[in-house]
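**Student:** One structure, pasted below without further comment.
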Amino acid sequence: MPDSKLDLLQGTLDLMVLQTLDAMGPLHGYGIARRIEQLSGNEVLLNQGTIYASLVRLQQRRWIAAEWGVSDNNRKAKFYSITQAGKRQMKKDKSQWERLAAVMGRVLAAAAEGGKG
Amino acid sequence: MSALKQVCARLISLFRREALDREFDEEAQSHLDLAVEDHVRRGIPEAEARRLARIQFGAVEASKDAHRDSRGLPWLEDCLYDLRFALRQLRRDRAFTLTAIVTLALALGLNVTVFAVMNTMLFRGYPLVQRNDRLVYIQEQYPSGTCCITYLDFEDWRAQAHSFEGMAFVGEKNISLSYGEGRSTDATAFTVSTNVFGLLGVKPALGRDFVPADEASGAEPVVILNHRFWASQFGGRPDVIGTSVLVNKAPAIVIGVMPEGFDFPTQFDVWMPYMRGPDVNRRAPEMFQAVGRLRDGVSLQEARAELETINHRLETAYPATNRGVVPKMGTYSQANIGPDAPVIYGSLWMAAWFVLLIACANLANLTVARTVGRWRDFSIRMALGAGWGRMIRQIFVESLTLASVAGVLGWWITKWGVRAWAVETASIYQILDYTLDSGTLAYLVAISLAAAILFSLAPMGKVLQIGVNSALKSDAPGVTPGLRGKHLAAVLVAGQMALAIVLLSGAGVLVRSLMNVVSANTGVGNPENVLVGLLSFPSEKYPSPAATLGYIDRFEAKLRAIPGIGDESVASILPVGNVLGLTFEIEGRPNAPDGGEAVQFLRVGPDYFRVVEAPASSGRDFNDGDRMATLPVAIVNQSFAAKYWPREQPLGKRLRYIDRNKPAEWLTVVGVVPNIMQGDPTRRQFKPLVYQPFRQAPTRLGVNFLLRTRVPPEQVAQAVRLDIQKLDPDVILKKFTTLKASFGFDPDRMDRAHSEMGKYAAVAPIFAVMAVLLAAVGLYAVIAHSVRQRTKEIGVRMAIGAAAEDIRRMVLRAGMLPVAIGIILGLAASFAVNRILQSQLVGVSPYDPVTMAGAPVVLILVALLACQIPARRAMSVDPAVALRHD
Chain L
496 MPDSKLDLLQ
506 GTLDLMVLQT
516 LDAMGPLHGY
526 GIARRIEQLS
536 GNEVLLNQGT
546 IYASLVRLQQ
556 RRWIAAEWGV
566 SDNNRKAKFY
576 SITQAGKRQM
586 KKDKSQWERL
596 AAVMGRVLAA
606 AAEGGKG
Chain Y
854 MSALKQVCAR
864 LISLFRREAL
874 DREFDEEAQS
884 HLDLAVEDHV
894 RRGIPEAEAR
904 RLARIQFGAV
914 EASKDAHRDS
924 RGLPWLEDCL
934 YDLRFALRQL
944 RRDRAFTLTA
954 IVTLALALGL
964 NVTVFAVMNT
974 MLFRGYPLVQ
984 RNDRLVYIQE
994 QYPSGTCCIT
1004 YLDFEDWRAQ
1014 AHSFEGMAFV
1024 GEKNISLSYG
1034 EGRSTDATAF
1044 TVSTNVFGLL
1054 GVKPALGRDF
1064 VPADEASGAE
1074 PVVILNHRFW
1084 ASQFGGRPDV
1094 IGTSVLVNKA
1104 PAIVIGVMPE
1114 GFDFPTQFDV
1124 WMPYMRGPDV
1134 NRRAPEMFQA
1144 VGRLRDGVSL
1154 QEARAELETI
1164 NHRLETAYPA
1174 TNRGVVPKMG
1184 TYSQANIGPD
1194 APVIYGSLWM
1204 AAWFVLLIAC
1214 ANLANLTVAR
1224 TVGRWRDFSI
1234 RMALGAGWGR
1244 MIRQIFVESL
1254 TLASVAGVLG
1264 WWITKWGVRA
1274 WAVETASIYQ
1284 ILDYTLDSGT
1294 LAYLVAISLA
1304 AAILFSLAPM
1314 GKVLQIGVNS
1324 ALKSDAPGVT
1334 PGLRGKHLAA
1344 VLVAGQMALA
1354 IVLLSGAGVL
1364 VRSLMNVVSA
1374 NTGVGNPENV
1384 LVGLLSFPSE
1394 KYPSPAATLG
1404 YIDRFEAKLR
1414 AIPGIGDESV
1424 ASILPVGNVL
1434 GLTFEIEGRP
1444 NAPDGGEAVQ
1454 FLRVGPDYFR
1464 VVEAPASSGR
1474 DFNDGDRMAT
1484 LPVAIVNQSF
1494 AAKYWPREQP
1504 LGKRLRYIDR
1514 NKPAEWLTVV
1524 GVVPNIMQGD
1534 PTRRQFKPLV
1544 YQPFRQAPTR
1554 LGVNFLLRTR
1564 VPPEQVAQAV
1574 RLDIQKLDPD
1584 VILKKFTTLK
1594 ASFGFDPDRM
1604 DRAHSEMGKY
1614 AAVAPIFAVM
1624 AVLLAAVGLY
1634 AVIAHSVRQR
1644 TKEIGVRMAI
1654 GAAAEDIRRM
1664 VLRAGMLPVA
1674 IGIILGLAAS
1684 FAVNRILQSQ
1694 LVGVSPYDPV
1704 TMAGAPVVLI
1714 LVALLACQIP
1724 ARRAMSVDPA
1734 VALRHD
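Top to bottom, those sequences are chains L and Y. Heads up, the first sequence is in the numbering used here, so the first residue is 496 and it goes up one at a time. Heads up, the second sequence is in the numbering used here, so the first residue is 854 and it goes up one at a time.
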């Protein structure tokens, strides 16, 4: 486990949650947290509890919806699902991120080459 | 869009805090359960699985906090917390809270009331009229006084002046109005140019406005009704539009009704277009006033200069009529209240601020005392790591809470105060719009906030003095933190006393001035035993002077039969009243070319001088023989005789007045009477007067009567009223009172500037009394607090032999020293401040020694009283108990 988690840019965790819900369909908080942990290799979440601040924020923006339901093993849990507005937002944020990542990648690569030469 | 949704959601979450917290707890529990199950399934023993799930979840409380922060508004929640804390503190300290709120509410209410009244008086102008601030009201000043305007001069202004977007005129006229099945009433009408409502920007509520064709010669006569008159006479029926009424027996069509609450320029009944009569080619004053709307960018001064230039040209062109005729124009307040309006209302506003400052000083002292009382509390919080910012915010939230409650109460006080003022000063000649608008509300909010900031400064300064170390060290109970607190209290008390002195002395000279006017020598003997009233004759029934005189004969015969009534007479105007002067000439003494001087001509009945107890000093009184057919005679007063015939015998001399450039008949002087006050609103000076017999120059529509009673007037008043009712129910009795009472301030009877002065002098003492009371309460609170704080010290003093009297002296000295300093400062300030009252004072200097000596005496007595109660408490301290005092 690394010494420090990645410092997240504002909204990064939100985008991950949206992406997760979009890919997996309705999911409870524990499921979302596990999924992000698995995909990020434990680099993102300080602990699983932090996911709930993000979930309530997304819910207030009406990008996700929540409903109490029953899990596979008959346990009561709150299930989150992405809304149409959430899907639109996710697309926007995703392309933003991809552009930023591409630009960053180019700049850093160029800097590294410049440093070598 | 989603940002807005989020703010709404966050706001809502503030009110569902507990439910949301509970939901979070449930969700966290379900999360842990799912995690445990997951681990168990992967073969971890349950106890270990539980531990692992908890570690992975992290601190539940921290997540809950993060959850709250991201769903709510953290800073608002902090403020709400402070507010709840403040409310709890204020509830606990009821005496403080109540005193603070009442004090502040009174001061705020008074201040906003004055602001609202001043706003109305100086700036608001007529109700419903658009952009009042660009309207000017114009009259002309003639050699005999300022009164009206000449129609042809108005035409010249309108044609030549470029400063105005438009100009309209208003004339006045008494009419009789018949409608329906022979119903008829007397009404007052304004004869106006047809553009008047368009110029004001007010449209009729019903029917149509005037159009220019309505004033063309030969046009069908039309009228527009005042809403009040329409409601009372026509029952508010909308079908009155288009019906025909008789105006002075000539048919006219009702074309419109103006909106409710609209009066212009005074409370009259109908408006009708001015029809040019045969007289219109003479330049004689007949119109009431003109109203002009200034063109954008044109100042009042520029417009005035332009009209003056036009009048100069007219003077050259028409020397016979226009010599010395000057246009007088001004804004609403200048035209309707007088040139001193800004001084009067500005200084009342200043006085209201003084009262508010005194109240703020009280609150500052009280909150400092409270802060000191909570010293330990603050120190502990400080030691636990609370920052200064946090404590200052706490103090400010408390102050703001007090100011808000006081502000709400202040708004009610304002509503009540403005209403009371409107009712007390109501006059049909001042049409004012007193509605409280959003501007007034904004002002209230602003000064409440300003007051809260002002009186939190002192306790905030106090808190900044707390250092963690010193706080914990001086934690010993009963030890007060340094002397600076006491100095501040003394400075505030001195300041309050200084302000109170300024208000007391200002109110003092105003009241003395009012007393000078009300109690001035009018020349009338025993006016309290004279009943007076105004008889108003309907023009339908009394179309000629002869008809009116016939009524007066019957009236006199009837009244003289009432037991208890002595002499009786009639007059065109009562003593002290004012009529416009007329220019006149004395036989054999040609007038200067500017038309000569003006004096008032009064018409009085026989016995008038007996009724007012001023019998002729030489010559004779008027008698029943002075009638239309006999020699026209006159009586002059001593002031007239002294001015115009200083070394001659006035009896037998002849004089005549000049009305509209036409000399009247010669009048032979048959008597000289003592001076009676007439036409000087300040009642300082007996002006020259000429009296004519009422029967030789009767006034037709309104006649004043005077009855000297041999018994207290209230015993016969009812009989007089009944007789007038019996004699002719159509004759209306108005202003029925005693002559003495009629000398009081009456906004409808006084000239405008001086009726304002009367209101001013009547209101000023309210400010002074409030200032003194608030200052006394403040002083009491400071002294009482200091006695409480020094209980132990007083106990020690008594234990080592101080007598109760010594203690009392000590307390009084501590209290009265700042009072004395404040009084000295206040007196010095009074000399500067009272000078601005100069223009409002009659017969009293702004530095009146009686007032300047009296105000400090009043304040010292009140201050002594305020110190006496805590001093007594100090004397009754039991040393044994005090030394044990915690």
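Even glycine gets a Cβ: it sits at the ideal position worked out from N, Cα and C. These figures come from a predicted structure and were not determined experimentally.
Determine the DSSP secondary structure at Y/L1336, reduced to helix, strand or coil.
**Tutor:** Residue placement at Y/L1336 cannot be trusted, given a pLDDT of 47 that sits under 50; what the coordinates show is reported in the next sentence. Residue state, collapsed to three classes: coil.
**Student:** Whose C-alpha, out of Y/S1280, Y/A1236, Y/K1593, is nearest the C-alpha of Y/G1378?
**Tutor:** Y/K1593
**Student:** With burial defined as no fewer than 16 other Cβ atoms inside 10 Å of the residue's Cβ, what is the status of Y/K1506: buried or exposed?
**Tutor:** By the 10 Å Cβ count, Y/K1506 comes out buried.
**Student:** Between which two residues does the beta strand (DSSP E) containing Y/P817 stretch?
**Tutor:** Look at the range of chain Y in this structure, 854 to 1739, and you will see that residue 817 of chain Y is not part of it.
**Student:** Answer yes or no: does any C-beta atom of chain L fall closer than 9 Å to that of Y/A1058?
**Tutor:** no
**Student:** If you follow the beta strand (DSSP E) that Y/M1182 is part of, which residue opens it and which one closes it?
**Tutor:** 1179 to 1183
**Student:** Please report the straight-line C-alpha distance between Y/R937 and Y/F949, rounded to a whole angstrom.
**Tutor:** 18 Å
**Student:** With three or more C-beta pairs closer than 8 Å as the rule, is the segment 1003 to 1015 of chain Y touching the segment 1156 to 1170 of chain Y?
**Tutor:** yes
**Student:** 9 Å is my cut-off, CB to CB: does L/G526 come that close to chain Y?
**Tutor:** yes
**Student:** Pull up the distance between the alpha-carbon of Y/T1333 and that of Y/H1638, whole angstroms please.
**Tutor:** Per-residue confidence for Y/T1333 stands at a pLDDT of 49, beneath the threshold of 50, marking its modelled position as unreliable; the derived number appears in the next sentence. Each residue's alpha carbon lies about 12 Å from the other.
**Student:** Can you tell me which residues form a DSSP beta bridge with Y/T1041?
**Tutor:** Y/N1027
**Student:** Distance check for L/W563 and L/T507, CA to CA, integer angstroms please.
**Tutor:** In a straight line, the C-alpha of L/T507 is about 26 Å away from that of L/W563.
**Student:** Any beta-carbon of chain Y closer than 9 Å to the one on L/T545?
**Tutor:** yes
**Student:** Enumerate, from N- to C-terminal direction, the unbroken beta strand (DSSP E) stretches of 3 or more residues contained entirely within the segment 1365 to 1429 of chain Y.
**Tutor:** 1383 to 1389, 1418 to 1424
**Student:** Judging by CA-CA distance, which residue of Y/Q1187, Y/N1382, Y/V1151, Y/N1175 is the nearest neighbour of Y/T1562?
**Tutor:** Y/N1382
**Student:** Using a Cβ-Cβ cut-off of less than 7 Å, list which residues of the segment 1632 to 1657 of chain Y approach chain L; keep chain order.
**Tutor:** Listed by position along the chain: nothing, the set is empty.
**Student:** If distances are taken between C-alpha atoms only, which option among Y/A1487, Y/Y1633, Y/V1672 comes closest to Y/V1543?
**Tutor:** That would be Y/A1487, whose Cα lies nearest to the Cα of Y/V1543.
**Student:** For Y/E890, which residues in chain L fall below 8 Å Cβ to Cβ?
**Tutor:** N568, R570
**Student:** Here's a check: name, in chain order, each residue in its chain whose Cβ is nearer than 6 Å to the Cβ of Y/E1826, leaving out the five neighbours to either side.
**Tutor:** A query on residue 1826 of chain Y cannot be resolved here, the shown segment of chain Y reaching from 854 to 1739 and no further.
**Student:** Express the C-alpha separation of Y/V1179 and Y/A1550 in angstroms, rounding to a whole number.
**Tutor:** 30 Å
**Student:** What's the call for Y/G896, buried or exposed, on a 16-neighbour Cβ count within 10 Å?
**Tutor:** Taking a 10 Å sphere around the C-beta of Y/G896, we find fewer than 16 other C-beta atoms and assign the residue as exposed.
**Student:** Following a CB-centred definition, is Y/A912 positioned closer than 8 Å to any heavy atom of the ligand PLP?
**Tutor:** In terms of ligand content, the structure shown is empty, and the ligand PLP therefore cannot be addressed.
**Student:** Give the interface partners of Y/Q859 over in chain L, defined as CB-CB distance under 7 Å, in chain order.
**Tutor:** Q555, R556
**Student:** The beta strand (DSSP E) with L/S576 in it runs from where to where?
**Tutor:** 571 to 577
**Student:** If you count every other CB in all the chains shown that lies within 10 Å of the CB of L/V565, and 16 or more means buried, which is it?
**Tutor:** Note on L/V565: under 16 other CB atoms within 10 angstroms of its CB, so exposed under the neighbour-count rule.
**Student:** Determine the chain L residues that contact Y/Q909 at a beta-carbon separation under 7 Å, and present them in chain order.
**Tutor:** Using a Cβ-Cβ cut-off of 7 Å, Y/Q909 is close to N542, Q543 of chain L, given in chain order.
**Student:** Taking Y/G1524 as part of the beta strand (DSSP E), name the residues at either end of that continuous run.
**Tutor:** 1520 to 1526 is the extent of the beta strand (DSSP E) around Y/G1524.
**Student:** Can you tell me where the alpha helix (DSSP H) holding Y/Q1502 begins and where it ends?
**Tutor:** It is not in any alpha helix (DSSP H) - Y/Q1502 carries neither H nor E in the DSSP assignment.
**Student:** Does DSSP put Y/D1116 in a helix, in a strand, or in coil?
**Tutor:** coil
**Student:** Using a cut-off of 7 Å between C-beta atoms, extract the partners of L/V551 located in chain Y.
**Tutor:** H920, S923, R924, listed in chain order.
**Student:** Go ahead and pull the three-state DSSP assignment for Y/K1535.
**Tutor:** According to the sequence displayed, residue 1535 of chain Y carries Thr and not Lys. DSSP places Y/T1535 in coil when its eight states are reduced to three.
**Student:** How big is the Cα-Cα spacing for Y/R1136 and Y/V1123?
**Tutor:** 26 Å
**Student:** Y/M1020 bridges to which residues according to DSSP?
**Tutor:** Y/G1145
**Student:** In whole angstroms, give me the CA-to-CA distance for L/G526 and L/R552.
**Tutor:** Whole-angstrom Cα-Cα distance: 18 Å.
**Student:** Curious, which full-length beta strand (DSSP E) runs of at least 3 residues does the segment 1243 to 1330 of chain Y contain?
**Tutor:** Taking only runs of at least 3 residues, no beta strand (DSSP E) segment lies wholly in the segment 1243 to 1330 of chain Y.
**Student:** Just the C-alpha distance for Y/G1434 and Y/G1183, rounded to the nearest angstrom, thanks.
**Tutor:** 23 Å
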